[in-house]
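A short write-up of the structure that comes next.
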Amino acid sequence: MPAAAPKVESFSKCDTIVVPDSDLEEVTPTLLKENIAPSMAANPRQFARIAKSTTLDSDDRDPDEECDEGDENFEALMDAVFDEDEEAKENAAAARENDDNGRNAFSMLMQGSKTQGIGGRRAVPASKNNKAQQQKKRPRGGKMWRGSTGPHKYPPPQNQVPDCKGFIVDGFRYRFPTQKNTFFLTHFHADHYGGIPYRWDEGPIYCTPTTARLLAMRFKVSAACIHQIKIGGPPVRVQGVDVIALDANHCPGAAMFLFKVRKTGRMHLHTGDLRYDRQRIDLRKTLRIPAGFRLSTIFLDTTYLRPSCRFISQQQAISQAAERLSRVLRVESRNALTSAMGLDGKDKSTLVVVGAYTIGKERFLWGLLRACFTEKEKIHVSPSKLRILKCLEDLQIDDLLRLTTDKSKARVHLTEMGKLNMPTLRGMLGNQFARVVALRPTGHAKRVHEAVSRDERVRIISVPYSEHSSFDELGHFIADAKAVTRGQALSFVPTVQSVGSKRGAGMADTRSELEALVRKV
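Given below as C-alpha cells:
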C-alpha cells in the first residue's frame with residue numbers, strides 16, 4: 001500500500017520550503033491522484049507516464065534550459081523523430097501547405113507522429129491506420145519539398161534574412177530548394193543547432209570562434225564548412241553582404257549577427273538569444289549605421305515578453321546567491337567545529353553543488369567561487385564538461401587549473417540542472433560529506449529561496465538568474481534601437497513564443513504582444 005502523502009509546510013510568509021524525505025516514487029503518484037483531472041485519472045497509462053516523470057521539487061521547464069539535455073543520446077532521439085515514414089511526411093506536408101508557423105525542437109518531439117520503441121537513429125512508424133492522426137500531430141513550419149538529401153521544409157520568416165538569398169539563421173532543419181543555402185549559428189544551444197547531423201557537409205556555417213570549436217568537437221564538422229566571425233571584430237563578406245558579430249550576453253560564444261546589404265542599403269539584426277544589459281552591451285554605442293544605410297529589421301529574442309517576467313540583474317543574482325551560500329557555510333562551519341570537538345563523533349565537510357547546462361551559467365559559477373571560496377578551491381566537472389570548458393575563449397588559465405574530474409579532490413561540484421533534486425543530491429553525500437547545498441540558477445525563480453530536507457542534510461537554493469532579457473530589458477533594447485534609427489521605420493520580428501502565451505496561439509500571440517510593446521516604448 002503506497003505511503004500517505006506527507007504535508008508540505010506553508011511558505012506563504014517564508015522563503016524556505018521544507019520537503020519531507022519520503023520516497024518520491026511512492027509519494028508522487030499519491031499527490032497526483034489527489035489533484036489530477038478526472039479525465040487523466042481515468043487513464044492509468046497516461047497517469048503512470050506522468051507520475052514516472054514528476055518529482056516534488058521539480059519546476060516547470062525553464063526557458064533558460066535551451067533544450068540542452070546534456071544527454072549524448074539527445075541528438076539521436078531528435079533525429080529519430082524526424083526520420084519517419086516518407087509517405088506520412090508527404091501527406092502531412094499537404095495538410096499544412098500554407099502554414100508558416102515554426103515550432104521548436106521540443107514541439108516537434110512532443111507533437112510528432114507516434115512511434116514504437118526508438119532503438120537506433122531511425123524510428124519505427126506506428127500503424128498506417130492512424131495516418132490521419134499522424135498528420136494532425138506532424139510539426140508545422142513551412143511547405144515541404146524533396147531534395148537530394150530527402151524532404152525538407154522552407155525556413156519560417158524568423159529564420160530568414162531579408163534581401164539575403166539562401167541565408168538561414170539557427171535553422172538547420174530548413175532549406176531553400178532553388179538557392180545555395182548559407183547557415184548562421186548564433187550560439188551552441190540545442191534549440192538553435194538542432195538539425196546538424198554528425199559530420200555535417202550541407203553548406204557553410206558562420207559562427208563565433210567558441211561556437212566553431214564546439215561544433216567541431218561535438219559533431220565533427222569539418223573545418224572547410226566552418227567560417228568564424230569574431231565578436232567585435234571586422235565584418236566578414238558573405239555573398240556580397242557584410243556580416244558583423246555583436247555580443248549577445250547570453251552564453252559563451254553567443255552573438256547577434258548584423259547583416260549589411262550593400263545592394264539595398266538595408267541592415268538586419270538577428271539577436272539570437274539575448275540578455276540585454278546596458279552596462280555590458282549598449283546598442284547606442286555598439287551599433288553604428290554608416291551613411292547610406294538604415295536599420296530595417298530586428299529579429300528579437302522574445303522569451304520573456306510578459307510584464308510579469310521581471311527579475312534582477314545577473315550581478316545582483318550572483319551577489320544574493322553568494323550572501324545566502326556564505327550564511328549557510330558559516331552555520332555548517334560551526335557544526336564542523338562541534339564535530340571536531342568530538343561531540344558527535346563526526347567531522348565531515350559540506351558539499352556545494354552548482355547547476356549548469358551543457359554550456360551556460362559559467363558566469364554564475366565563477367562569480368560564486370570568487371565571492372565564497374579561495375583561489376585554490378577545486379571544482380569537480382565531468383570529462384565531457386571539461387572538454388566543453390576548454391573550448392571557451394574567456395576562461396582564464398588559473399580557472400582551468402582549478403577544474404578536476406576526480407570527485408574526491410573537490411567539495412564544489414558542477415552538475416546538470418536535472419540532478420538538482422532531493423533524492424539525487426542525497427545520493428551524492430556518500431561517506432565524504434555530511435551535508436549538501438545545491439544552487440539552482442533559473443529564470444523561474446522570482447527571488448532567492450530554499451528547499452530543505454527535514455534532517456537539514458540537503459538544501460536547494462533557487463536563484464533568479466537568467467540568460468534571457470527580462471520584460472524591462474526588452475523595453476530598453478527596443479528604446480535604444482529606436483534611438484539609433486532616429487525615427488526611421490523599423491520592424492521587429494519575434495523569434496520565439498514568449499513564456500505564458502496562449503496555448504495553440506503559435507507566434508501570433510507573441511507578435512501582437514511585441515507590437516504593443518514597440519508602440520508603448
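In this note's numbering, the protein residues as written are 1 to 521.
Backbone N, C-alpha and C fix where the C-beta goes; we use that ideal spot for every residue, glycine too.
Using the C-alpha atoms, what's the distance from residue j back to residue i?
i	j	result
S469	Y304	7 angstroms
C391	I231	16 angstroms
R264	A254	The residue you asked about is not Arg; residue 264 is Thr in the sequence shown. In a straight line, the C-alpha of T264 is about 28 angstroms away from that of A254.
T350	F188	33 angstroms
D60	D406	Model confidence at D60 stands at a pLDDT of 42, short of 50, so the residue's coordinates are unreliable; what they give is reported in the following sentence. Looking at the two C-alpha atoms, the distance is approximately 32 angstroms.
W200	F219	7 angstroms
D277	C309	16 angstroms
E467	L429	30 angstroms
V436	K409	16 angstroms
V236	G203	17 angstroms
E515	S491	9 angstroms
K131	H152	Because K131 carries a pLDDT of 46, less than 50, the predicted location of this residue cannot be relied on, and the following value inherits that uncertainty. Distance between the alpha carbons of K131 and H152 is about 20 angstroms.
M217	Y198	10 angstroms
D399	A291	44 angstroms
I298	L246	13 angstroms
L395	T178	42 angstroms
E513	S501	9 angstroms
T424	H444	21 angstroms
Q158	V499	17 angstroms
E416	M422	14 angstroms
K419	G427	10 angstroms
M256	H268	10 angstroms
S39	Q432	Because S39 sits at a pLDDT of 42, beneath the cut-off of 50, its placement in the model cannot be relied upon, and the following sentence gives the value as read from the coordinates. For S39 and Q432, the distance between alpha carbons rounds to 47 angstroms.
Would you list the one or two residues that DSSP bridges to residue i?
i	result
P494	L300
C207	Q228
R266	V261, R294
V521	According to DSSP, V521 bridges with nothing at all.
P441	V463
D247	A255
D242	R237, K260
I379	L403, V412
A356	E416
Taking the beta carbon of residue i as the centre, do at least 16 other beta carbons fall within 10 Å, making it buried, or is it exposed?
i	result
I359	buried
R173	buried
K446	exposed
S53	Summary for S53: the model assigns pLDDT 37, below 50, so the residue's position carries little reliability, and this model does not support an answer.
V381	buried
E375	exposed
D301	buried
V331	exposed
R459	buried
G355	buried
R327	exposed
M249	Note on residue identity: the sequence assigns Asn, not Met, to residue 249. By the 10 Å Cβ count, N249 comes out buried.
P383	exposed
A212	buried
Q576	Look at the range of the chain in this structure, 1 to 521, and you will see that residue 576 is not part of it.
P252	buried
I379	buried
I397	exposed
Kindly say whether residue i, judged by its beta-carbon, lies nearer than 7 angstroms to any beta-carbon of chain D.
i	result
L351	Here chain D cannot be found, since the structure has a single protein chain.
Starting from the C-beta of residue i, find all residues in its chain whose C-beta is less than 8 angstroms away, skip the five residues before and the five after it, and write them out in chain order.
i	result
H192	E66, D170, L185, T186, G272, D273
A322	G367, L368, A371, C372
V518	I478, F492
D15	Bear in mind that the predicted position of D15 carries a pLDDT of just 41, short of 50, making it unreliable; the figure below should be weighed with that in mind. The residues are R447, V448, H449, E450.
R280	D247, N249
Under 8 angstroms by Cβ, that's how I've got residue i and residue j pegged, so tell me the actual separation to the nearest angstrom.
i	j	result
R288	Q488	At roughly 15 angstroms, the Cβ-Cβ gap does not stay under 8 angstroms, so R288 and Q488 are not in contact.
D282	D480	7 angstroms
K180	G166	5 angstroms
V493	R324	No, V493 and R324 are not in contact; Cβ-Cβ is about 39 angstroms, not under 8 angstroms.
E377	V412	6 angstroms
Y206	V243	7 angstroms
R275	A483	With 8 angstroms as the limit, R275 and A483 do not qualify as a contact, their Cβ atoms being about 20 angstroms apart.
Q497	T485	With a Cβ gap of about 26 angstroms, Q497 and T485 do not count as contacting.
V521	A438	That belief does not hold up - the Cβ atoms of V521 and A438 are roughly 38 angstroms apart, past 8 angstroms.
R266	S296	4 angstroms
Can you name, in chain order, every residue of its own chain whose Cβ lies under 6 angstroms from the Cβ of residue i, other than the five neighbours on each side?
i	result
P155	I168, G171, Y174
I196	F172, F219
E69	Any answer about E69 is weak, because its pLDDT of 39 lies below 50 and its placement is not dependable; what the coordinates show is given next. Cβ neighbours of E69 beyond the five flanking positions: none.
G475	V521
L329	none
H270	V169, F257, F299
Closer than 7 angstroms by C-beta to residue i: which residues in its own chain qualify, once you throw out the five before and the five after it? Chain order, please.
i	result
P209	Q228, K230, E393
F534	The chain is shown from 1 up to 521; residue 534 falls before or after that span and cannot be answered.
R387	M217
For the ligand NAD, is there any heavy atom lying closer than 6 angstroms to the beta carbon of residue i?
i	result
G195	Here there are no bound small molecules, and the ligand NAD is not part of this structure.
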